[in-house]
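In full-length UniProt numbering, the protein residues as written are 1 to 439.
C-beta: ideal position from N, C-alpha, C; glycine also.
Below is one structure, written out as structure tokens; comments come after it.
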Amino acid sequence: MPGNKLDDYDVVCTIGSGSYGTCKKIKRKTDGKIRVWKELEYGSMTDEEKKLLVSEVNLLRELKHPNIVRYHDRIIDRGSTKIYIVMEFCEGGDLAAYILKYRKQRKFVDEAFIWKALYQLSLALSECHLQSRGGSSVLHRDLKPANVFLDSNNNCKLGDFGLARVLNHDTSFAKTFVGTPYYMSPELVNRTNYNQKSDIWSLGCLIYELTALMPPFLAANQKLLAMKIKDGHYRPIPTHYSKDLETIIKKMLTVVESKRPTIEDILNCQGIRNYLEPPVANDKRTSMPTLDDLDNESLKKKEEQLRKWSLDLEIKEKQLKQKEKDLVERERILDNRLRSDNLYPAHKRLAMPDKENIFNKKNEDQRLVEMDWKTGYHRNKDYEMKTDFRPHVGGGGGIGDVYAAEINKHNRALRQLDHNFDVNRYETRLARPFPYGLR
Numbered sequence: 001m002p003g004n005k006l007d008d009y010d011v012v013c014t015i016g017s018g019s020y021g022t023c024k025k026i027k028r029k030t031d032g033k034i035r036v037w038k039e040l041e042y043g044s045m046t047d048e049e050k051k052l053l054v055s056e057v058n059l060l061r062e063l064k065h066p067n068i069v070r071y072h073d074r075i076i077d078r079g080s081t082k083i084y085i086v087m088e089f090c091e092g093g094d095l096a097a098y099i100l101k102y103r104k105q106r107k108f109v110d111e112a113f114i115w116k117a118l119y120q121l122s123l124a125l126s127e128c129h130l131q132s133r134g135g136s137s138v139l140h141r142d143l144k145p146a147n148v149f150l151d152s153n154n155n156c157k158l159g160d161f162g163l164a165r166v167l168n169h170d171t172s173f174a175k176t177f178v179g180t181p182y183y184m185s186p187e188l189v190n191r192t193n194y195n196q197k198s199d200i201w202s203l204g205c206l207i208y209e210l211t212a213l214m215p216p217f218l219a220a221n222q223k224l225l226a227m228k229i230k231d232g233h234y235r236p237i238p239t240h241y242s243k244d245l246e247t248i249i250k251k252m253l254t255v256v257e258s259k260r261p262t263i264e265d266i267l268n269c270q271g272i273r274n275y276l277e278p279p280v281a282n283d284k285r286t287s288m289p290t291l292d293d294l295d296n297e298s299l300k301k302k303e304e305q306l307r308k309w310s311l312d313l314e315i316k317e318k319q320l321k322q323k324e325k326d327l328v329e330r331e332r333i334l335d336n337r338l339r340s341d342n343l344y345p346a347h348k349r350l351a352m353p354d355k356e357n358i359f360n361k362k363n364e365d366q367r368l369v370e371m372d373w374k375t376g377y378h379r380n381k382d383y384e385m386k387t388d389f390r391p392h393v394g395g396g397g398g399i400g401d402v403y404a405a406e407i408n409k410h411n412r413a414l415r416q417l418d419h420n421f422d423v424n425r426y427e428t429r430l431a432r433p434f435p436y437g438l439r
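Here it is as structure tokens:
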């Protein structure tokens, strides 16, 4: 293409640089749309590097999927021996920066986002692995957080196919591996061939890093790293996350490649269904969308439904907390009202040791009255006198017979009154100490 096409864009800023060139944010002059381009110097490249470059450009042109960074154009400047690959701009940055942000804040990545990332990256890999282009499919071979980009809605898009290799059915396997060592699969450590299950291993490493904020296998040098990968031992993910997520990561990080799940297995796992399918009426779930049905609009609708679902759950939780507070307040008010004199009958206040008890010693008129709850009789202490009246010692004589007879007569009358007032003839439960009334 003519080199003057460079004049159609204004460079906004430099986003980053790699071993093969620089990535810059650009703006198209005609409509102001934001794009990015990878500026690559091909004049100093070896033949092998040029093959990788041509491979990436051809792959980007053919791969069209909502979860793959979209290719727009290429510009070749033969005078400066540079090629500019114009692509979609992902304003959310890459997944490596996303993980680093959470690591610095010492926070967990939301599990719903992790399931969404697994779902969308699985769809992207499915497009690569199953795309039919003259009997060949594509292996990404360098799946890592730095090669996964986020749009404004935090949707994941797979990019940077510079290390991808077309896998012909005749040869069946890629012959070399030049990807990220931390995500290197056991078959590569054992010097066997790279295949589709190797991408599954790398995807498992990426999802693990989203949970633990670090790769599953770390070592001081590549030899120790290779030993850890072959053993397949890694720290469990934080207990903050669900058992479903732990299970799918464990399956993807299985050392024996034949036992790892396929892309279809991952897309149909229970965890993805639980976290990504929107709730429907009568609690009936619809089937997973097919790859043909999936587009940008459906992804946006799904994300909007997820946000609405999350908001509804928060509102319901707040309502439940408010109802709980109201119930506690109503119980407190009811308790205060029942304890007041207007609501507690006298026979219930007898058993309650509060200051308003009718037998309180401060009430002078009733100070001398006492109820014996064992016998059910009342006694009056002022009249509990001995009937054996004797003369005063050293006095002029005893109490007169008439006076003594009157006193004894009065005491007999009181005892008869106590005998007649038998509380056992009434409902005895009323005198039992139940502070809120009857049982």
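Closest residue to residue i among the options (Cα-Cα distance)
i    : options                   : result
N274 : R61, F113 and S44         : F113
A96  : C156, E317, V255 and K230 : C156
S17  : S80, T81, A146 and L59    : A146
D7   : I76, D326 and R191        : I76
V255 : K308, Y98 and Y183        : Y183
N195 : K144, P238, K223 and H129 : H129
E303 : I15, Y98, M87 and W115    : W115
T30  : C13, T192, L253 and Y9    : Y9
L245 : A212, Q222 and F217       : A212
L158 : S80, W201, H65 and K318   : H65
Y42  : R70, R78 and V12          : R78
V69  : E314, V36, I333 and L253  : V36
L253 : Y98, I200, V328 and V189  : I200
F108 : V11, E48, D142 and H240   : H240
R260 : D47, S202 and K223        : S202
T262 : G204, Q222 and V148       : G204
E127 : N67, K300, G93 and E324   : N67
G92  : V148, V11 and Q222        : V148
Bridge partner(s) assigned by DSSP for residue i
i    : result
I34  : K27
K157 : F149
G21  : L40
T46  : Looking at the DSSP assignment, T46 forms no beta bridge with any residue, so it has no partner.
Cβ shell of residue i (< 7 Å), same chain only, five flanking positions each side left out
i    : result
A219 : L225 and K228
T14  : T22 and K24
V189 : A226, I229 and K230
Contacts around residue i, its chain only, beta-carbon distance under 6 Å, and the 5 residues preceding and following it disregarded
i    : result
E257 : E187 and K197
I34  : K27 and F89
L118 : I207
D73  : V86
P216 : C205, Y208 and Y234
Own chain, CB closer than 8 Å to residue i, minus 5 neighbours either side, in chain order
i    : result
S242 : E111 and G271
L40  : Y20, G21, L53, K82, I83, Y84 and I85
G32  : none
K362 : Residue confidence is low: K362 scores 45 on pLDDT, short of 50, so the model does not pin down where it sits. No coordinate-derived value is stated.
So, do the stretch 52-63 and the stretch 90-104 have three or more beta carbon pairs nearer to each other than 8 Å?
no
Let me know the alpha helix (DSSP H) ranges lying completely inside the stretch 52-136, each 4 residues or longer, listed in chain order.
For the stretch 52-136, whole alpha helix (DSSP H) runs of length 4 or above, ordered along the chain, are 95-105 and 111-130.
Decide yes or no for the touch test of the stretch 264-274 against the stretch 118-128: beta carbon pairs closer than 8 Å, at least 3 of them.
yes
Would you call the stretch 223-243 and the stretch 195-212 touching, i.e. three or more CB-CB distances under 8 Å?
With a cut-off of 8 Å, the stretch 195-212 and the stretch 223-243 count as touching, because enough Cβ pairs lie within range.
Would the stretch 237-255 count as touching the stretch 144-152 if we require 3 or more Cβ pairs under 8 Å?
no
Could you tell me which whole alpha helix (DSSP H) segments of length 4 or greater appear in the stretch 182-225?
186-189 and 196-212
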